[in-house]
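Colleague: Under the numbering used here, the first residue of the sequence shown is numbered 18, with each subsequent residue one higher. Glycine included, every Cβ here is placed at the ideal spot set by N, Cα and C. Remember, it's a predicted structure, so these values are computed and weren't measured experimentally.
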Amino acid sequence: MPKNSKVTQREHSSEHVTESVADLLAHEEPVDYKRSVLNVTAESWDKQKDAEDEAEAENRPAWNSKLQYILAQIGYSVGLGNVWRFPYLCQKNGGGAYLVPYLVLLIIIGLPLFFLELAVGQRIRRGSIGVWNYICPRLGGIGYASCLVCFFVGLYYNVIIGWSIFYFFKSFQYPLPWSECPLVKNGTLAVVETECERSSATTYFWYRETLDISNSISESGGLNWKMTLCLLVAWSLVGLAMIKGIQSSGKVMYFSSLFPYVVLVCFLVRGLLLRGAVDGIMHMFTPKLDKMLDPQVWREAATQVFFALGLGFGGVIAFSSYNKQDNNCHFDATLVSFINFFTSVLATLVVFAVLGFKANIMNEKCVVENAEKILGYLNTNVLSHDLIPPHVNFSHLTAKDYNEMYRVIMTVKEGHFKELGLDACLLEDELNKSVQGTGLAFIAFTEAMTHFPASPFWSVMFFLMLINLGLGSMIGTMSGITTPIIDTFKVRKEVFTVGCCIFAFLVGLIFVQRSGNYFVTMFDDYSATLPLTVVVILENIAVAWIYGTKKFMQELTEMLGFRPYQFYYYTWKYVSPICMAVLMTASVIQLGVSPPGYSAWIREEAAEKFLFYPTWAMAILISLIILASLPLPLVFILRQFHLVSDGSNALSVTYKKGRMMKDISNLEDNDETRFILSKVPSETPSPMPTHRSYLGPGSNSPMEMSNAPNGRYGSGYLLASTPESEL
């Protein structure tokens, strides 16, 4: 500082100093604003800590290319739900008509909230904990809640990858092991396993050979060692992919994100060449317009949009935090959202082409079995030969001929028809047997593949696709845990990642006992839905109503180089919060109306049976919801009543030029609005002009001292061109 400057003169005089910080800075030498920071914080400056933060900002990992980042976001958002959840909802809720509410809700809820998460992650360059501590300290529990939900979801999601790994290795044999029922010795005779005979070969292989499932959640049955090994392999894959952060996971994404599309396209081409594929696709997209007026359809569409994009988990924020700050995240949000949608449609085409083929196969089997019954009745004179139309040939009986014969017999034998035990064998009935989740992937789809030529090849491809879809989502889910924890608590990346995977594997053993599938169902249904809905609502409120939509839009303009559409202003401020509140209310009502239960496989009956959760399981279920939501009120209370400082009860100003800093810290409460430079702040108070505040070059919106988020992670303001300082 020049010796004749006003500041230096004041230091050698006895006059009181009354200038504001802005006045003082006006007399400073010209500074390099790229290295200049105005820090408004309750903490005194720690030179070593500040140097560490600067080094961390400069050394923060970054994506090797834009393609790698886009593939990571696609791999995270496109998961197993696109393959086995969306097609089921589409069929259940009106076929092609379901696409209308889904697309509408994707545009007014999914895209704006996805853009919001991408923007805050890229702007602040921190994980979910750091981002929400920065924007609104009292809502800092959002980040911790996201981490807990990611942990719960990761626990059971990796079990599904373990199941896929088991089927993958079992696919390297011909014929496929689930193509026929096993034989058991009964003395000198070999008979078909009763449980398999009463169900089907694929159903038996899933429930008995794979899961060795118990009859209820109360019967543990001990660990299933095959699934335990598969779970260990799954967590090892995730750990290896995550060990080096995005340096390792980014490279994995090139394969795990692109390979599923190769498989889906191959399956689509192969599926369209199968007999009956067109029947499945026509059934799929035949619109039932009356369904569009059903509120339940809109609720399920909103839930699917919500989870398809991975909102609230923290993975989206974690991935975007490794971006350069001038990255066009609006383009990314639009691209990933619609790729996700078109992937769901592609998967739906594949699923129903294959299920259409399966329906034709099953319908032909039904015709053959019932034709044999009719021949038996004809030979025993239960039915007269006069009932059979003359053109019907039992050697080449078509579905059309059988339906004609069926109607004649039903009309003539109206009084005793039920005793005959004949089935209608309608293709429509087979196509209406909607399946989802594990029922689709491990039973219906596997059964269809047994009828494919070269079935082991297609089975290997299918389950390798499921492994890659699951792995892409797991990397994003784990990033939602590791990135914020590493950013906040400065733990070693490799140590924490390995420790987290080992701990998750040990806790996940609950899912590989014989009753484990029932716990997977419980966690899938209840651990994430309600807590995540609350998390996303609070994210929306924190940005739109507490931080300020206008301010956020202005900063997005500076970051992107163009102003986002006004559409986002209104969706963030009004539309999305209202829609999410309605969805949360509907979810709570749904929980209350539908008693919590699960489908149990009863070995003796070889059939599924709906059972209610016992009291202890209900306690676990409720605890999951409470535990995942607990950080939200807990952090709010701790910071609202100053049990944990958030930096809002004191104010200090530090100005740094390179390594030089003026520091005023620990001001008294009655001096918080006064910026003075004297030995005792309270001796010579001078109000800070409310209309003046220091703005770096290029800033065109004043910093609001009174109600804006303050500080590092919510306790200070940094105004500079460094990525951490511009939100």
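Just the Cα atoms here: how many angstroms apart are Ala218 and Gly493?
Modeller: The count along the sequence shown starts at 1 and reaches residue 218 at position 201. The count along the sequence shown starts at 1 and reaches residue 493 at position 476. Looking at the two C-alpha atoms, the distance is approximately 36 Å.
Colleague: How long is the line joining the alpha carbons of Arg506 and Trp149, rounded to whole angstroms?
Modeller: Within the sequence shown, residue 506 is the residue found at index 489, counting from 1. Within the sequence shown, residue 149 is the residue found at index 132, counting from 1. Note that residue 506 is Phe in the sequence shown here, rather than Arg. Distance between the alpha carbons of Phe506 and Trp149 is about 15 Å.
Colleague: Pick helix, strand or coil for Trp618, following the three-state DSSP scheme.
Modeller: Here the question's residue 618 lines up with position 601 in the sequence shown. Correct three-state label for Trp618: strand.
Colleague: Suppose contacts are defined by Cβ-Cβ distances below 7 Å. Is Gly92 in contact with Met259 by that definition?
Modeller: In the sequence shown, residue 92 corresponds to position 75, counting from 1. In the sequence shown, residue 259 corresponds to position 242, counting from 1. No, these two residues do not count as a Cβ contact at 7 Å.
Colleague: Is Leu281 near Ala376, with beta carbons less than 7 Å apart?
Modeller: Residue 281 sits at position 264 when you count from the first residue of the sequence shown. Residue 376 sits at position 359 when you count from the first residue of the sequence shown. Against a cut-off of 7 Å, the Cβ pair of Ala376 and Leu281 comes out as no contact.
Colleague: To the nearest angstrom, how far is the alpha carbon of Lys568 from that of Ala350?
Modeller: The count along the sequence shown starts at 1 and reaches residue 568 at position 551. The count along the sequence shown starts at 1 and reaches residue 350 at position 333. Using only the alpha carbons, I get a separation of about 20 Å.
Colleague: Whole angstroms is fine: what's the gap from Ala561's alpha carbon to Thr546's?
Modeller: Mapped onto the sequence shown, residue 561 falls at position 544. Mapped onto the sequence shown, residue 546 falls at position 529. If you take the alpha carbons of Ala561 and Thr546, they lie about 23 Å apart.
Colleague: Below 8 Å, can you find three or more Cβ-Cβ pairs linking the segment 473-482 to the segment 176-189?
Modeller: With the cut-off at 8 Å, the segment 473-482 and the segment 176-189 touch.
Colleague: Looking at Val552: is its Cβ nearer than 7 Å to the Cβ of Gly329?
Modeller: Mapped onto the sequence shown, residue 552 falls at position 535. Mapped onto the sequence shown, residue 329 falls at position 312. Yes, the Cβ-Cβ distance between Val552 and Gly329 is below 7 Å.
Colleague: Alpha carbon to alpha carbon, how far is Met299 from Asp403? Give it in angstroms, no decimals.
Modeller: Sequence index remark: in the sequence shown, residue 403 carries index 386 (1-based). Sequence index remark: in the sequence shown, residue 299 carries index 282 (1-based). If you take the alpha carbons of Asp403 and Met299, they lie about 37 Å apart.
Colleague: Indicate whether Arg143 and Ala603 have their beta-carbon atoms separated by less than 7 Å.
Modeller: In the sequence shown, counting from the first residue as 1, residue 143 sits at position 126. In the sequence shown, counting from the first residue as 1, residue 603 sits at position 586. No, Cβ-Cβ distance for Arg143 and Ala603 is not below 7 Å.
Colleague: Considering only the beta carbon of each residue, do Leu241 and Val529 sit closer than 7 Å?
Modeller: As a position in the sequence shown, residue 241 is number 224, starting the count at 1. As a position in the sequence shown, residue 529 is number 512, starting the count at 1. The sequence given here places Asn at residue 241; Leu does not occur at that position. Yes, the pair counts as a contact, with Cβ atoms nearer than the cut-off.
Colleague: With a floor of 3 residues, list each beta strand (DSSP E) that falls wholly inside the segment 333-391, ordered by position along the chain.
Modeller: List check, beta strand (DSSP E) in window: nothing returned.
Colleague: Determine the direct distance from the alpha carbon of Asp296 to that of Met427, and round the result to whole angstroms.
Modeller: Here residue 427 refers to the residue found at position 410 of the sequence shown. Here residue 296 refers to the residue found at position 279 of the sequence shown. Roughly 27 Å between the two C-alpha positions.
Colleague: Which same chain residues, not among the five before or five after Cys198, have their C-beta less than 7 Å away from its C-beta?
Modeller: Position 181 of the sequence shown, counted from the start, is the residue given in the question as residue 198. Only Val209, Glu210, Cys213, Glu214, Ala218 and Tyr221 meet the Cβ criterion.
Colleague: Hey, quick one: how far does the alpha helix (DSSP H) through Asn485 stretch, first residue to last?
Modeller: Position 468 of the sequence shown holds residue 485. It spans Ser472 to Phe506 - the alpha helix (DSSP H) in which Asn485 sits, taken as one unbroken run.
Colleague: Determine the burial state of Lys417: buried for a count of at least 16 other Cβ atoms within 10 Å of its Cβ, exposed for fewer.
Modeller: Residue 417 sits at position 400 when you count from the first residue of the sequence shown. Classification for Lys417: exposed.
Colleague: Mind reading off the beta-carbon distance from Ile334 to Glu134? Whole number of angstroms is fine, and I expect it under 8 Å.
Modeller: Indexing the sequence shown from 1 puts residue 334 at position 317. Indexing the sequence shown from 1 puts residue 134 at position 117. Contact holds; Cβ gap of about 5 Å.
Colleague: Express the C-alpha separation of Gln108 and Ser798 in angstroms, rounding to a whole number.
Modeller: Because the chain spans 18 through 744 in this model, residue 798 falls outside it and cannot be assessed.
Colleague: Can you tell me whether DSSP reads Phe629 as helix, strand or coil?
Modeller: The residue given as residue 629 occupies position 612 in the sequence shown. Here Phe629 sits in strand by DSSP.
Colleague: On the criterion of 16 or more Cβ atoms from any shown chain inside 10 Å, does Leu392 qualify as buried, or is it exposed?
Modeller: One-based indexing of the sequence shown puts residue 392 at position 375. It counts as exposed.
Colleague: Report the rounded CA-to-CA distance for Val385 versus Glu421, giving the unit in angstroms.
Modeller: As a first step, residue 385 is located in the sequence shown; it is residue number 368 there, counting from the start. As a first step, residue 421 is located in the sequence shown; it is residue number 404 there, counting from the start. Near 15 Å, if we compare the C-alpha coordinates of Glu421 and Val385.
Colleague: Report back the beta-carbon spacing between Pro613 and Leu638 to the nearest angstrom; my notes put them in contact at under 8 Å.
Modeller: Residue mapping note: residue 613 aligns to position 596 of the sequence shown, counting from 1. Residue mapping note: residue 638 aligns to position 621 of the sequence shown, counting from 1. Sure, about 6 Å apart at Cβ, within 8 Å.
Colleague: Go through its chain and collect everything with a Cβ distance to Ser237's Cβ below 8 Å, but skip five positions before and after it.
Modeller: The residue labelled residue 237 in the question sits at position 220 within the sequence shown. Cβ neighbours of Ser237 beyond the five flanking positions: Ser231, Gln530, Arg531 and Ser532.
Colleague: Tell me which residues share the same chain as Phe536 and place their Cβ nearer than 6 Å to its Cβ, disregarding the 5 neighbours each side in the sequence.
Modeller: What you label residue 536 is simply residue 519 of the sequence shown in a count that begins at 1. Correct list, in chain order: Ile527 and Phe528.
Colleague: Might you give, ordered along the chain, the residues of its own chain that have their beta carbon closer than 8 Å to the beta carbon of Phe522, omitting 5 neighbours on each side?
Modeller: Counting from 1 along the sequence shown, the entry for residue 522 is found at position 505. Counting only Cβ-Cβ distances below 8 Å, and skipping sequence neighbours, we find Leu248, Leu249 and Trp252.
Colleague: Using three-state DSSP, classify Lys305 as helix, strand or coil.
Modeller: Translated into the one-based positions of the sequence shown, residue 305 becomes position 288. Three-state DSSP puts Lys305 in coil, outside helix and strand.
Colleague: Would you mind sorting Leu84 into buried or exposed? The rule is 16 or more other CB atoms within 10 Å of its CB.
Modeller: What you label residue 84 is simply residue 67 of the sequence shown in a count that begins at 1. Exposed is the call here.
Colleague: Please state whether DSSP places Lys763 in a helix, a strand or coil.
Modeller: This structure gives no information on residue 763, because the portion of the chain shown stretches from 18 to 744.
Colleague: Alpha carbon to alpha carbon, how far is Cys442 from Thr415? Give it in angstroms, no decimals.
Modeller: Numbered from 1 along the sequence shown, position 398 holds the residue referred to as residue 415. Numbered from 1 along the sequence shown, position 425 holds the residue referred to as residue 442. Thr415 and Cys442: Cα-Cα distance of roughly 11 Å.
Colleague: If distances are taken between C-alpha atoms only, which option among Met635, Trp633, Leu628 and Leu651 comes closest to Ser233?
Modeller: The sequence position of residue 233 within the sequence shown is 216, counting from 1. It is Leu628.
Colleague: In or out: Asn387 buried (at least 16 other Cβ within 10 Å) or exposed?
Modeller: Counting from 1 along the sequence shown, the entry for residue 387 is found at position 370. Counting Cβ neighbours within 10 Å, Asn387 comes out buried, since at least 16 surround it.
Colleague: Less than 7 Å between the beta carbons of Leu486 and Leu120, yes or no?
Modeller: Along the sequence shown, one-based indexing puts residue 486 at 469. Along the sequence shown, one-based indexing puts residue 120 at 103. Not a contact, by the Cβ cut-off of 7 Å.
Colleague: Could you check how far apart the C-beta atoms of Ala294 and Ala370 are, in whole angstroms? I think they sit under 8 Å.
Modeller: The count along the sequence shown starts at 1 and reaches residue 294 at position 277. The count along the sequence shown starts at 1 and reaches residue 370 at position 353. Sure, about 4 Å apart at Cβ, within 8 Å.
Colleague: When DSSP labels each residue in this structure, what does Val208 get in the three-state scheme?
Modeller: Within the sequence shown, residue 208 is the residue found at index 191, counting from 1. Val208: strand per DSSP, three-state reduction.
Colleague: Quick one: using the 10 Å Cβ neighbour count with 16 as the cut-off for buried, is Glu464 buried or exposed?
Modeller: As a working note, residue 464 is residue 447 in the sequence shown. That one is buried.
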